[in-house]
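**Q** Below is the structure I would like to discuss, written out as structure tokens.
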Amino acid sequence: MLPRLLWERLSGGPSNTPSEPVSAAPFPRTPTPAVAPEDPVPALTDGETNVWLTEWQVEDDGFDVAVGEHVAWTLYESDHLWIDQILAVPRTVPLQRDTYDHERSEDELSTRRDLRGVVIRIDQVSVRFVSSERRGYSAPEAHGGQLHTVSSLSNRRPHHGAITGWIVRVRS
Numbered sequence: 005m006l007p008r009l010l011w012e013r014l015s016g017g018p019s020n021t022p023s024e025p026v027s028a029a030p031f032p033r034t035p036t037p038a039v040a041p042e043d044p045v046p047a048l049t050d051g052e053t054n055v056w057l058t059e060w061q062v063e064d065d066g067f068d069v070a071v072g073e074h075v076a077w078t079l080y081e082s083d084h085l086w087i088d089q090i091l092a093v094p095r096t097v098p099l100q101r102d103t104y105d106h107e108r109s110e111d112e113l114s115t116r117r118d119l120r121g122v123v124i125r126i127d128q129v130s131v132r133f134v135s136s137e138r139r140g141y142s143a144p145e146a147h148g149g150q151l152h153t154v155s156s157l158s159n160r161r162p163h164h165g166a167i168t169g170w171i172v173r174v175r176s
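Going by the numbering used here, the first residue of the sequence shown is number 5, and it counts up by one from there.
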């Protein structure tokens, strides 16, 4: 039970009534959009490369890119183990854009490669996180990731779990 005054302030109703207890009814909620099944991914063709973008770096940097944009990126070898753990269907994602390259080891820095081309596809990668007693923290659901094609990093689609990254296909 909540005092009426508190209930009405929380629910946006009038607050000119005495503060007497009321039962808490559910707040009206906006319907959650249904999550579409994964989009099919065409095979890579000559001159195309998949690049991993880590979501927290995209958010941190306010980075955006769209299909059709010309890019010139400095890239490094991607974290294959992380990507393979998330994706339901294996993908070839050899490189990643890393804006925190100053934190990389000498070995990791030796994998540096420049890539120029046009963005031809962007896949939003989302996954649910589950409690992992073995690790003692939440971990991505193994092979539970979903891919949804988007036109830009800022044009996000409904998804399960959390967006963990993006696979951007670049044609050189």
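Cβ coordinates follow ideal geometry from the N, Cα and C atoms, glycine included.
(1) Starting from the N-terminal side, write out each stretch of the beta strand (DSSP E) that is 3 residues or longer and does not extend beyond the region 88–153.
(2) Less than 8 angstroms between the C-beta atoms of V45 and L157, yes or no?
(3) Terminal residues of the continuous alpha helix (DSSP H) containing E52?
(4) With a cut-off of 8 angstroms, do at least 3 Cβ pairs link the region 82–97 to the region 142–159?
(5) To which residues of the same chain is Q100 closer than 8 angstroms at the C-beta, ignoring the five residues directly before and after it?
(6) Looking at the unbroken beta strand (DSSP E) that takes in A166, where does it start and where does it end?
(7) Measuring CA to CA, which of A70, V134, G140, G165 is closest to V123?
(8) Please identify the residue among E112, G121, D43, G51 whose C-alpha is closest to the C-alpha of V75.
(9) For D65 and I167, I'd like the C-alpha separation in whole angstroms.
(10) Output the distance between the C-alpha atoms of S155 and D68, rounded to the nearest integer angstrom.
(11) Less than 8 angstroms separating the beta-carbons of L113 and T53?
(12) Taking the C-alpha atoms as reference points, what is the distance between R175 and R160?
(13) Applying the 10 Å Cβ sphere with the 16-neighbour rule, what's the burial state of V134?
**A** So, from the listed chains and residues:
(1) Whole beta strand (DSSP E) segments, 3+ residues: 99–101, 117–131, 133–136, 141–144.
(2) With contacts defined by Cβ atoms closer than 8 angstroms, V45 and L157 do not form a contacting pair.
(3) That residue, E52, is in no alpha helix (DSSP H); its beta strand (DSSP E) goes 52–58.
(4) Yes, since at least three Cβ pairs between the region 82–97 and the region 142–159 fall closer than 8 angstroms, the two stretches touch.
(5) So the list reads V55, W56, L57, T58, L79, Y80, E81, S82, D83, once near-sequence residues are dropped.
(6) From DSSP, the beta strand (DSSP E) with A166 extends over 166–175.
(7) Ranked by how close their Cα comes to the Cα of V123, the residues A70, V134, G140, G165 have A70 in first place.
(8) Of the candidates E112, G121, D43, G51, the residue whose Cα lies closest to the Cα of V75 is G121.
(9) Roughly 16 angstroms between the two C-alpha positions.
(10) Linking S155 to D68 through their CA atoms gives a straight-line distance of about 11 angstroms.
(11) Cβ atoms of L113 and T53: not closer than 8 angstroms.
(12) If you draw a straight line from the Cα of R175 to the Cα of R160, it is about 22 angstroms long.
(13) Under this definition V134 is an exposed residue.
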